[in-house]
Amino acid sequence: MNNKIPVSVLAATGSVGQRFISLLADHPWFEVVEITASDRSVGLRYEEACHWLLPQPMPEFVRKMVLLPTEAASLKKSAIAFSALPADIAKTVELDAAKAGIYVCSNASAYRKDPLVPILVPEANPDHIRILDVQQKEYGWRGGIITNPNCTTTGFVVPLTAIDRKFSVERAIVFSMQAISGAGYPGVASMDILDNVIPYIGGEEEKLEFEPAKIMGKFDGARIHQHPFKVSAHTNRVAVVDAHTICLSFELKEKGSVDALIDALESFEFSDLLKGLPSLPEKAIVYHREANRPQPRFDRNLYHGMASHVGRLRPCSIFDYRMVTLSHNTIKGAAGGSIVNAELLARTKFGK
Ligand SMILES: NC(=O)c1ccc[n+]([C@@H]2O[C@H](COP(=O)([O-])OP(=O)(O)OC[C@H]3O[C@@H](n4cnc5c(N)ncnc54)[C@H](OP(=O)(O)O)[C@@H]3O)[C@@H](O)[C@H]2O)c1
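Sequential numbering of the sequence shown, starting at 322, is according to the numbering used here.
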């Protein structure tokens, strides 16, 4: 008997949507039963509408599936909807789905600032999933909304959490070097990005300055209280296909040695609630001891693209320490991260 949870992918044809399709193809707990896209694609078979971008072949199960309109009424069988929608469309569709009893795991920014919607990164804040009960009570939703962070926040928030738990982070300055796939497809024109660095990504710096404090905040059973630390962000687009690299300097309340900080990163463990979730990597944080790592081309796909990579942890001449982090933006930073969120949801709400 097939006892998989029926799920849908909203905006299944885009850069993140394709990652969902690929990662869900053989998922042990989830089965994709509905897919949606824009009016351009509605009524077409997936193989007709989708310009497939991944090196793995398009999964057989999805080729002939017909794309449905992106509205809650299309989701007749889904218990969970994975959303890769543009934020403005997500605002209405995700809300309608939550009201209709569907749990939405979203990559869009539309609800990240809602006080009752978690920005869930299971390595850092698995207990925030319990705010779904508060959503249902206070908003009257039968389902719920869980977001994951902006793909650049994802890259440094897990390492910073590991350090914060032992040394209390007070301030950080972050500089990103973001891959072109972070802008979706076709994204940034080749004439703009080749041989170039673009020192501006609209709306991105504000996200990096808000999201980590919510993720690292404390949930008291009713509300999430923002962590008091401050972030200043500079965001840049660079000519890399996948994986965002971030250089950061940070100040700590409790002082520790370089070795103690590296130990905090290397010994960081998943909470017991996460053990056995199918898409968790074997390690949450990989510390690279080579002086010139992590690098996108060599490190982004280690641990199935689901790990947070760190290197070059050393003293900073202005703040206490500095380091480099890296993570795959469309796997860990988008579809893969969202699938782990749904696995945690399945464990807490669907008895998996
Ligand atoms: N790329 C990343 O690294 C990344 C990481 C984290 C979060 N995100 C977020 O994930 C979302 C998707 O990003 P992406 O990179 O996948 O973008 P993308 O490659 O540009 O894909 C856009 C998707 O949205 C669909 N769409 C466009 N307009 C629509 C409408 N009016 N109604 C319904 N569907 C519509 C498109 O369908 P058609 O094919 O039919 O046009 C396509 O499936 C965004 O909110 C983005 O901020 C992206």
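C-beta atoms are modelled at their ideal positions from N, C-alpha and C, and glycine is treated no differently.
Secondary structure of residue i, DSSP reduced to three states
i	result
residue 540	strand
residue 465	strand
residue 426	strand
residue 322	Any reading at residue 322 must be qualified, since the residue scores a pLDDT of 46, below 50, and its modelled position is unreliable; no value is offered.
residue 449	helix
residue 572	strand
residue 412	helix
residue 444	coil
residue 341	helix
residue 551	strand
residue 331	strand
Residue closest to residue i, alpha-carbon to alpha-carbon, out of the options
i	options	result
residue 573	447, 625, 493 and 407	493
residue 457	488, 481, 420 and 478	420
residue 519	531, 500, 535 and 527	500
residue 429	453, 451, 362 and 404	404
residue 337	644, 660, 594 and 595	660
residue 414	575, 464, 510 and 640	464
residue 629	610, 410 and 605	605
residue 356	553, 369, 387 and 657	387
residue 359	341, 379, 389 and 376	389
residue 381	400, 344 and 397	344
residue 445	354, 595, 639 and 616	595
residue 514	526, 559, 474 and 484	559
residue 363	391, 378 and 408	391
residue 417	437, 399, 409 and 394	394
residue 408	469, 542, 569 and 579	469
residue 397	330, 378, 367 and 372	330
residue 435	535, 369, 491 and 332	535
residue 675	502, 495, 588 and 531	Nothing about residue 675 can be reported from this structure: the residues present for the chain run from 322 to 673 only.
residue 649	460, 477, 372 and 334	477
residue 508	450, 374 and 618	374
Rounded straight-line distance, which links the Cα of residue j to that of residue i
i	j	result
residue 339	residue 562	15 angstroms
residue 293	residue 533	Only positions 322 to 673 of the chain appear in this structure, which leaves residue 293 out of reach.
residue 590	residue 547	23 angstroms
residue 663	residue 326	10 angstroms
residue 505	residue 442	22 angstroms
residue 641	residue 440	28 angstroms
residue 609	residue 383	38 angstroms
residue 354	residue 462	23 angstroms
residue 636	residue 643	6 angstroms
residue 526	residue 498	12 angstroms
residue 424	residue 551	31 angstroms
residue 472	residue 554	14 angstroms
residue 422	residue 543	21 angstroms
residue 485	residue 575	9 angstroms
residue 669	residue 647	30 angstroms
residue 541	residue 365	47 angstroms
beta-carbon residue i near ligand 3 non-hydrogen atom, thresh 8 angstroms
i	result
residue 359	Looking at this structure, you won't find ligand 3 anywhere; what it does contain is ligand 1.
Rounded distance between the beta-carbons of residue j and residue i, thought under 8 angstroms
i	j	result
residue 599	residue 349	5 angstroms
residue 623	residue 583	Rounded, the Cβ-Cβ distance is 18 angstroms, inconsistent with contact.
residue 402	residue 431	Between residue 431 and residue 402 the Cβ distance is about 13 angstroms, and since that is not below 8 angstroms, they are no contact.
residue 399	residue 328	6 angstroms
residue 645	residue 568	5 angstroms
residue 614	residue 632	5 angstroms
residue 528	residue 566	No, residue 528 and residue 566 are not in contact; Cβ-Cβ is about 17 angstroms, not under 8 angstroms.
residue 651	residue 489	Not quite, the Cβ-Cβ distance comes to about 32 angstroms (not below 8 angstroms), so this is no contact.
Which residue spans inside the region 579 to 638 form an unbroken beta strand (DSSP E) run of at least 3? 606 to 609 and 629 to 636
Entirely within the region 479 to 543 and at least 3 residues each: give me those beta strand (DSSP E) ranges in chain order. 490 to 498
Where are the alpha helix (DSSP H) runs, 4 residues long or more, that stay fully inside the region 354 to 408, in chain order? 367 to 370 and 381 to 384
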